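Here the structure comes first, spelled out in structure tokens, and everything after it is commentary.
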Amino acid sequence: MNSAKDFEAFWETVQTRIHRHPVITYNPYCKWFRQGTFTLEDLIHLFTQFAVFSKWFLLVQMMRMMHAADLEAETHARYILANELGVHINPDGTTEDQPFKTRWAHINWLRDTAQPLGLNAEMLGSWETASASTRRFISGLEETYGSKDGEVGRGASYAIESWAAWGIGRGNEEANNFWKELIDGLEIYNETCHAYGDPAIPLDFFEFHFNSEKGHGDNVLEELQQAYNKPGFDSEKFLRAGEKALDAIHTFWLGLDRDRHQREAMRNYYPLVVGA
Numbered sequence: 001m002n003s004a005k006d007f008e009a010f011w012e013t014v015q016t017r018i019h020r021h022p023v024i025t026y027n028p029y030c031k032w033f034r035q036g037t038f039t040l041e042d043l044i045h046l047f048t049q050f051a052v053f054s055k056w057f058l059l060v061q062m063m064r065m066m067h068a069a070d071l072e073a074e075t076h077a078r079y080i081l082a083n084e085l086g087v088h089i090n091p092d093g094t095t096e097d098q099p100f101k102t103r104w105a106h107i108n109w110l111r112d113t114a115q116p117l118g119l120n121a122e123m124l125g126s127w128e129t130a131s132a133s134t135r136r137f138i139s140g141l142e143e144t145y146g147s148k149d150g151e152v153g154r155g156a157s158y159a160i161e162s163w164a165a166w167g168i169g170r171g172n173e174e175a176n177n178f179w180k181e182l183i184d185g186l187e188i189y190n191e192t193c194h195a196y197g198d199p200a201i202p203l204d205f206f207e208f209h210f211n212s213e214k215g216h217g218d219n220v221l222e223e224l225q226q227a228y229n230k231p232g233f234d235s236e237k238f239l240r241a242g243e244k245a246l247d248a249i250h251t252f253w254l255g256l257d258r259d260r261h262q263r264e265a266m267r268n269y270y271p272l273v274v275g276a
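If you read the sequence shown in UniProt numbering, its first letter stands for residue 1, the second for the next number, and so on.
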């Protein structure tokens, strides 16, 4: 059994190698997005790529449940999968005794959210619409979060849930949560879009995730504390898996940021060509 002092030392390392990962501390795409200066084309691209993430996460979550290191991790993974598929979730993060509706499935909810943009609902989430960076992101999650090694999955799960829940309920740190940054940007967009003839976007999909992520973050922290004291816990494997999972997430956002810079460059180029 590891001592409380051992865990404190390990926790310092977790904060250095996981909590200070750049996708958590400074996501350039989300920092830009929260300003609300994006175009309709930018918004369509975000929804198109995010839908791929939403749909293919179902497979990754299934893999996480199948390869969980213990029954507790398996149960937690099953609750997340059930919620993603359309089962309501309880305040404690479980889905026990909750109703199911197909339209509550997160990919369908996201399709409804994107409906004002006029996108093809059948294509939203399809692999064909994924950019190269989005595909690398999903593959990275399959290798870590969905790993056949349950301890690798545990490390990836901790890192992913910590990223998603980062700062929520912690004062000024909350502003750096990526869900909060997306919501802030969409709120600004919705206040001004009608002046340009663009459609407003419902916020409930994003607000739900923002409001539910803290519970997920608390759950994986509790799971880590329990796992650390079990025989055979490999702290280095846990940390490497977390880092690799966050690298995959970072790939997704850096791809979106690169794409939006390219679109901006094209918008600046074509007026010059026409003017010439």
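The beta carbon of each residue, even a glycine, is placed where N, CA and C say it ideally should be.
Just so it is clear, the structure is predicted and the values come from calculations on it, not from any experiment.
Item checked: Pair within 8 Å by beta-carbon distance, I107 and Q98 -> The residue you call residue 107 lines up with position 107 of the sequence shown. The residue you call residue 98 lines up with position 98 of the sequence shown. Result no, Cβ atoms of I107 and Q98 do not sit closer than 8 Å.
Margin query: Could you pull the DSSP bridge partners for F100 from this structure?
Written below: As a first step, residue 100 must be located in the sequence shown, where it is residue number 100. In DSSP, F100 forms a bridge with V87.
Checklist line | Those runs of the alpha helix (DSSP H) which lie wholly inside the segment 188 to 239 and span at least 4 residues | finding: If we require 4 residues or more, the alpha helix (DSSP H) runs fully inside the segment 188 to 239 come out as 204 to 228.
Next item on the list: Note the first and the last residue of the continuous alpha helix (DSSP H) segment covering L124.
Entry: The residue labelled residue 124 in the question sits at position 124 within the sequence shown. For L124, there is no enclosing alpha helix (DSSP H), as DSSP gives it neither H nor E.
Check: By a C-beta neighbour count over all protein chains shown, 10 Å radius and 16 as the cutoff for buried, is Q262 buried or exposed?
Finding: Along the sequence shown, one-based indexing puts residue 262 at 262. Burial call: exposed.
Item checked: Distance CB(E207)-CB(I183) smaller than 8 Å -> Reading the sequence shown from its first residue, position 207 is the one you call residue 207. Reading the sequence shown from its first residue, position 183 is the one you call residue 183. E207 places its beta carbon less than 8 Å from that of I183.
Margin query: Would A77 and G155 be called neighbours here (beta carbons separated by less than 8 Å)?
Written below: Here residue 77 corresponds to residue number 77 of the sequence shown, with the count starting at 1. Here residue 155 corresponds to residue number 155 of the sequence shown, with the count starting at 1. Result no, Cβ atoms of A77 and G155 do not sit closer than 8 Å.
Check: What is the DSSP secondary structure of R170, counted as helix, strand or coil?
Finding: The sequence position of residue 170 within the sequence shown is 170, counting from 1. R170: coil per DSSP, three-state reduction.
Next item on the list: Could you check the C-alpha separation between F10 and R34 for me, to the nearest Å?
Entry: Position 10 of the sequence shown, counted from the first residue, corresponds to residue 10. Position 34 of the sequence shown, counted from the first residue, corresponds to residue 34. Answer to the nearest angstrom: the Cα atoms are 34 Å apart.
Check: Which residues in the same chain have their Cβ closer than 6 Å to the Cβ of I18, if we skip the five residues on either side of it in sequence?
Finding: One-based indexing of the sequence shown puts residue 18 at position 18. For I18, same chain residues with a beta-carbon under 6 Å away, outside a window of 5 residues either side, are A159, G242 in chain order.
Check: Any chance the segment 119 to 134 sits against the segment 213 to 228, with 3 or more Cβ pairs inside 8 Å?
Finding: Put simply, the segment 119 to 134 does not touch the segment 213 to 228. Fewer than three CB pairs are less than 8 Å apart.
Notebook entry, point to check: According to the neighbour-count rule (16 or more other Cβ atoms, all chains shown, within 10 Å of its Cβ), is A82 buried or exposed?
Noted result: Taking the sequence shown and counting its residues from 1, the one referred to as residue 82 is at position 82. So A82 counts as buried.
Checklist line | Cutoff 6 Å; reference L85; Cβ partners in own chain excluding five residues on either side | finding: Position 85 of the sequence shown, counted from the first residue, corresponds to residue 85. If we look at L85 and ignore the five residues flanking it on each side, its Cβ neighbours are A105.
Note to self: If the criterion is Cβ atoms closer than 8 Å, does the pair T48 and L141 meet it?
What the structure shows: Within the sequence shown, residue 48 is the residue found at index 48, counting from 1. Within the sequence shown, residue 141 is the residue found at index 141, counting from 1. No.
Note to self: Which residue marks the beginning of the alpha helix (DSSP H) containing I107, and which one marks its end?
What the structure shows: In the sequence shown, the residue the question calls residue 107 occupies position 107. Here the alpha helix (DSSP H) through I107 covers 106 to 114.
Checklist line | CB-CB length for S133 against L246, believed under 8 Å | finding: Within the sequence shown, the letter at position 133 stands for residue 133. Within the sequence shown, the letter at position 246 stands for residue 246. Wrong, their Cβ atoms sit about 15 Å apart, outside the cutoff.
Check: Using the rule of at least 16 other Cβ atoms within 10 Å of the residue's Cβ for burial, across every protein chain shown, is Q61 buried or exposed?
Finding: In the sequence shown, residue 61 corresponds to position 61, counting from 1. Of the residues assessed, Q61 falls on the buried side of the cut-off, its CB having 16 or more other CB atoms within 10 angstroms.
Next item on the list: Grab me the residues of K180's own chain with a C-beta within less than 7 Å of its C-beta, minus the 5 sequence neighbours each way, in chain order.
Entry: Indexing the sequence shown from 1 puts residue 180 at position 180. Contacts found: E174, F210.
Checklist line | Sequence-distant residues of the same chain with beta carbon closer than 6 Å to F137, five excluded per side | finding: Position 137 of the sequence shown, counted from the first residue, corresponds to residue 137. Excluding residues within five positions, the ones whose Cβ falls inside 6 Å are A248, T251, F252.
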